[in-house]
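Asker: Let me give you the structure first, and then I'll get to my questions.
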Amino acid sequence: MKKLLLLGLAAILFVACQQQEQRYTQQSPEIDTVKKLIKNYNDKTYDTSIYADSSKTFYNTKDKGMSPTETIAYHQANDANYSERGFLDKDQEYEMVKTDDGQTWVNCWLDWKCTLATNGKEIMIPIHLTYQFIDGKVVREVGMWDPTEVVLSLMQMDAMTADEKVIAETLAKGAKAWSTNDADLWKSITVPELVRYDNGVKTVNNQAEYIEVIKANHAAMPDLKIAIDNLTISGNTAYVNWTATGTNTGEFMGNPATGKKVKFSGMAVWQLNSDGMAVREDVYSDPNAAAMQLGYTLAPPK
Amino acid sequence: MKKLLLLGLAVLLFAACQQQTQRYFAESAETKTLEAGIAAYESGDWDQWKSHFADTAKIYVNSNEPMTVDARMAQFKQTTPAWADYGFDKEKSYIEMVLDKEDETWVYFWGPHNGSMKATGKKLSFPVHLAVQFVDGKIVEEHVFFDGTDMNKAMEEVAAMQAEKEGESE
Chain A
6 MKKLLLLGLA
16 AILFVACQQQ
26 EQRYTQQSPE
36 IDTVKKLIKN
46 YNDKTYDTSI
56 YADSSKTFYN
66 TKDKGMSPTE
76 TIAYHQANDA
86 NYSERGFLDK
96 DQEYEMVKTD
106 DGQTWVNCWL
116 DWKCTLATNG
126 KEIMIPIHLT
136 YQFIDGKVVR
146 EVGMWDPTEV
156 VLSLMQMDAM
166 TADEKVIAET
176 LAKGAKAWST
186 NDADLWKSIT
196 VPELVRYDNG
206 VKTVNNQAEY
216 IEVIKANHAA
226 MPDLKIAIDN
236 LTISGNTAYV
246 NWTATGTNTG
256 EFMGNPATGK
266 KVKFSGMAVW
276 QLNSDGMAVR
286 EDVYSDPNAA
296 AMQLGYTLAP
306 PK
Chain B
-19 MKKLLLLGLA
-9 VLLFAACQQQ
1 TQRYFAESAE
11 TKTLEAGIAA
21 YESGDWDQWK
31 SHFADTAKIY
41 VNSNEPMTVD
51 ARMAQFKQTT
61 PAWADYGFDK
71 EKSYIEMVLD
81 KEDETWVYFW
91 GPHNGSMKAT
101 GKKLSFPVHL
111 AVQFVDGKIV
121 EEHVFFDGTD
131 MNKAMEEVAA
141 MQAEKEGESE
């Protein structure tokens, strides 16, 4: 009898122990559900069944809750503003807590990044999302972040004339063609007589040569990406502040791969013709910036 | 002998249970500190507000780029005088603390920030989330999340009104 009592006591303690553990966790079916929800958003495969029918979503508001269908419509409407958008995989934090009221919440802190469709501008926003669960379904979603940069960029685009919008879209396509090594897209926005000057020196004589330049850069850095940081348009001239990032995993100008990452910025002045096609680019950037990040050094003259 | 073994097992389990760290706290010294910091922000007592931070603390305001405590304080000193009143709705705020798997101490706060502008009378309300890491009772990292669009607009209106007034008096 005593044995049984002791065994019972041990069992109770063991169960109590297990229960105590449940107040905070970084792994749970609910966390997996939130990760699925984030993946659905990234893939644009929206699924209302993750939410309970009566669930309410509060984004940057405390009293204007949206139903699951309204939430998805909200995302779809915003998607029109971006050529790319989604939550990043890196440095994302998820955890689940059980509050004193017995409520189950999954909290997450994520980085979201977009490329604006109209001008190719890249914007990164840290976002906090939190989800209350009941019986495995989301019953309340709360999100907080600062959309100021996106809002201002879109307002800036709205203020543009129709011609300026066309030019901005052309340059967004240009950045995309550079980033994806897309020769056809490049041809669709440039004239065959396209020329390029680097720091005042003519380096490209025609469109075909320019495409070879893009190709050679991608051979050296297959993950090369060109982002537009800022864009100013005056008549048929566009002033583009850009940032290039990439990893040197291939040979470049006869030099072996270094495996190093580079990030450098510059300015490009684009001339467009009356049809909105690019005819000339003047690039101003530090030619040594990337080389030095790759480990090259400048030697004094002998 | 068996009895002893069982007793031993029970004791072991009990000890293990005690050792199992509590990871969720509805209230703690750190939650109280953050609440005191929020109260200091509301009353504009910047010395008090600053006293809760470690010297090397990093504050991330809707950004992955940190700012120093002094830079954040300078920002508050510049912008808060534009409000006629401001603060969090305590009734609708929520605070908790967790000890995460890396044994880091984080206090989380959610609350509606309300206020009105002195010059325009414009009323504002937006929810704010704070994720605050503590080491030895001091804040070492603070992440602030809120939609700044309405406040930026309201501040611009105030600035435009002041510019207009200055123009008239010239």
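Protein chains in written order, with the numbering used here: chain A, 6 to 307; chain B, -19 to 150.
Note that the Cβ used here is the ideal one computed from N, Cα and C, for glycine as well.
Quick caveat, the model's predicted, so the values are computed rather than measured.
Once you ignore the five residues that flank residue 69 of chain B on each side, which residues in its own chain have a CB closer than 7 Å to its CB?
Answerer: Excluding sequence neighbours, residue 69 of chain B sits near 91, 92 and 94.
Asker: Between the Cα of residue 136 of chain B and those of B/2, B/98 and B/89, spot the shortest distance and give me the residue it belongs to.
Answerer: Comparing Cα-Cα distances from residue 136 of chain B to each of B/2, B/98 and B/89, the minimum goes to B/98.
Asker: Shortest alpha-carbon distance to residue 131 of chain A belongs to which of B/125, B/114, B/105 and B/107?
Answerer: Nearest of B/125, B/114, B/105 and B/107 to residue 131 of chain A, Cα basis: B/125.
Asker: Between residue 80 of chain A and chain B, is the shortest Cβ-Cβ distance under 8 Å, so that the two count as touching?
Answerer: So, not an interface residue.
Asker: Could you list which residues in chain A have their beta carbon closer than 9 Å to that of residue 12 of chain B, in chain order?
Answerer: Simply none; closest approach about 16 Å.
Asker: Below 7 Å between beta carbons is the criterion; list the residues of the stretch 133 to 167 of chain A that meet it against any residue of chain B, in chain order.
Answerer: So the close ones are 133, 149, 150, 151, 152, 153 and 156.
Asker: What are the residues that DSSP puts in a beta bridge with residue 112 of chain B?
Answerer: Beta-bridge pairing links residue 112 of chain B to B/87 and B/122.
Asker: Let me see if you follow: with CB-CB separation under 8 Å, is residue 102 of chain A close to chain B or not?
Answerer: With 8 Å as the cut-off, residue 102 of chain A counts as an interface residue toward chain B.
Asker: Measure the C-alpha to C-alpha separation of residue 125 of chain A and residue 181 of chain A and round it to an integer number of angstroms.
Answerer: Rounded to the nearest angstrom, the two C-alpha atoms are 8 Å apart.
Asker: For the stretch 60 to 84 of chain B, list every residue whose C-beta sits within 9 Å of some C-beta in chain A, in sequence order.
Answerer: Listed in sequence order: 69, 72, 74, 76, 78, 79, 80 and 81.
Asker: Counting only runs that start and end within the stretch 133 to 162 of chain A, where is the beta strand (DSSP E) found for 3 or more residues in a row?
Answerer: List check, beta strand (DSSP E) in window: 142 to 149.
Asker: Please check the pair residue 135 of chain A and residue 143 of chain A, which I expect to be a contact at CB under 8 Å, by giving their CB distance rounded to whole angstroms.
Answerer: Not quite, the Cβ-Cβ distance comes to about 10 Å (not below 8 Å), so this is no contact.
Asker: Step through the CB atoms of chain A and report whether any lies within less than 8 Å of the CB of residue 32 of chain B.
Answerer: False, the Cβ-Cβ gap to chain A never drops below 8 Å.
Asker: Check distances from the C-beta atoms of the stretch 127 to 142 of chain B to those of chain A and list, in chain order, the residues that come in under 7 Å.
Answerer: So the close ones are 127, 128, 129 and 132.
Asker: Could you pull the start and end residues of the alpha helix (DSSP H) that residue 98 of chain A belongs to?
Answerer: Counting along the chain, residue 98 of chain A falls outside any alpha helix (DSSP H), though it belongs to the beta strand (DSSP E) covering 98 to 103.
Asker: Hey, residue 255 of chain A and residue 294 of chain A are a contact pair by Cβ (cut 8 Å); roughly how many whole angstroms apart?
Answerer: About 19 Å separates the two Cβ atoms, so there is no contact after all.
Asker: Thinking just about the alpha-carbon of each residue, which of A/47, A/196, A/257 and A/211 is nearest to the one in residue 277 of chain A?
Answerer: Per the Cα distances, A/196.
Asker: Just to check my reading of the structure: residue 110 of chain A and residue 101 of chain A have Cβ atoms closer than 8 Å, yes? What is that Cβ distance to the nearest angstrom?
Answerer: Their Cβ separation, rounded to whole angstroms, is 7 Å, which keeps residue 110 of chain A and residue 101 of chain A in contact under 8 Å.
Asker: Closer than 8 Å by C-beta to residue 298 of chain A: which residues in its own chain qualify, once you throw out the five before and the five after it? Chain order, please.
Answerer: Only 265, 266, 267, 268 and 269 meet the Cβ criterion.
Asker: From this set, A/281, A/228, A/222 and A/201, which residue's C-alpha is nearest residue 272 of chain A's C-alpha?
Answerer: Measuring from the Cα of residue 272 of chain A, the nearest candidate turns out to be A/201.
Asker: According to a CB-to-CB cut-off of less than 9 Å, which residues of the stretch 15 to 46 of chain B neighbour chain A?
Answerer: Listed by position, the residues of the stretch 15 to 46 of chain B near chain A (Cβ gap below 9 Å) are 40, 41, 42, 43 and 44.
Asker: List the residues that DSSP assigns as beta-bridge partners of residue 95 of chain B.
Answerer: Paired residue(s): B/66 and B/104.
Asker: May I have the straight-line CA-CA distance separating residue 215 of chain A from residue 43 of chain A, to the nearest angstrom?
Answerer: The alpha-carbon atoms of residue 215 of chain A and residue 43 of chain A are separated by roughly 39 Å.
Asker: From what residue to what residue does the beta strand (DSSP E) around residue 118 of chain A run?
Answerer: Residue 118 of chain A -> beta strand (DSSP E) spans 109 to 121.
Asker: Using a 10 Å radius around the Cβ and a threshold of 16 neighbouring Cβ atoms, would you call residue 249 of chain A buried or exposed?
Answerer: Residue 249 of chain A is buried by the Cβ-count criterion.
Asker: Helix, strand or coil for residue 76 of chain B? Go by DSSP, reduced to three states.
Answerer: Residue 76 of chain B falls in the strand class under three-state DSSP.
Asker: Less than 8 Å between CB atoms is the rule here; does residue 5 of chain A satisfy it with respect to chain B?
Answerer: This structure leaves residue 5 of chain A out entirely; chain A is present only between 6 and 307.
Asker: Note down the Cα distance separating residue 152 of chain A from residue 119 of chain A, rounded to an integer number of angstroms.
Answerer: Approximately 11 Å, taken between the alpha carbons.
Asker: Report the residue from A/306, A/240 and A/133 whose alpha carbon sits nearest the alpha carbon of residue 279 of chain A.
Answerer: The shortest Cα separation from residue 279 of chain A among A/306, A/240 and A/133 belongs to A/240.
Asker: Output the boundary residues of the alpha helix (DSSP H) element that contains residue 3 of chain B.
Answerer: Residue 3 of chain B -> no alpha helix (DSSP H), and no H or E assigned at all.
Asker: So that I know if they touch, is there some Cβ in chain B lying closer than 8 Å to that of residue 131 of chain A?
Answerer: Cβ-Cβ to chain B under 8 Å: yes for residue 131 of chain A.
Asker: Quick one: measure Cβ to Cβ for residue 300 of chain A and residue 252 of chain A, integer angstroms, because I've assumed they're closer than 8 Å.
Answerer: With a Cβ gap of about 13 Å, residue 300 of chain A and residue 252 of chain A do not count as contacting.
Asker: How is the beta strand (DSSP E) around residue 276 of chain A delimited, first residue to last?
Answerer: Run containing residue 276 of chain A: 266 to 277, per the beta strand (DSSP E) assignment.
Asker: Within 10 angstroms of its Cβ, does residue 286 of chain A collect 16 or more other Cβ (buried), or is it exposed?
Answerer: Residue 286 of chain A is buried by the Cβ-count criterion.
Asker: Please classify residue 195 of chain B: is it buried, with 16 or more other beta-carbons within 10 angstroms of its beta-carbon, or exposed?
Answerer: As displayed, chain B neither begins before -19 nor continues past 150, which places residue 195 of chain B out of reach and without an answer.
Asker: Are the C-beta of residue 86 of chain A and some C-beta of chain B separated by less than 8 Å?
Answerer: For residue 86 of chain A, the answer is no, since every Cβ of chain B falls outside 8 Å of its Cβ.
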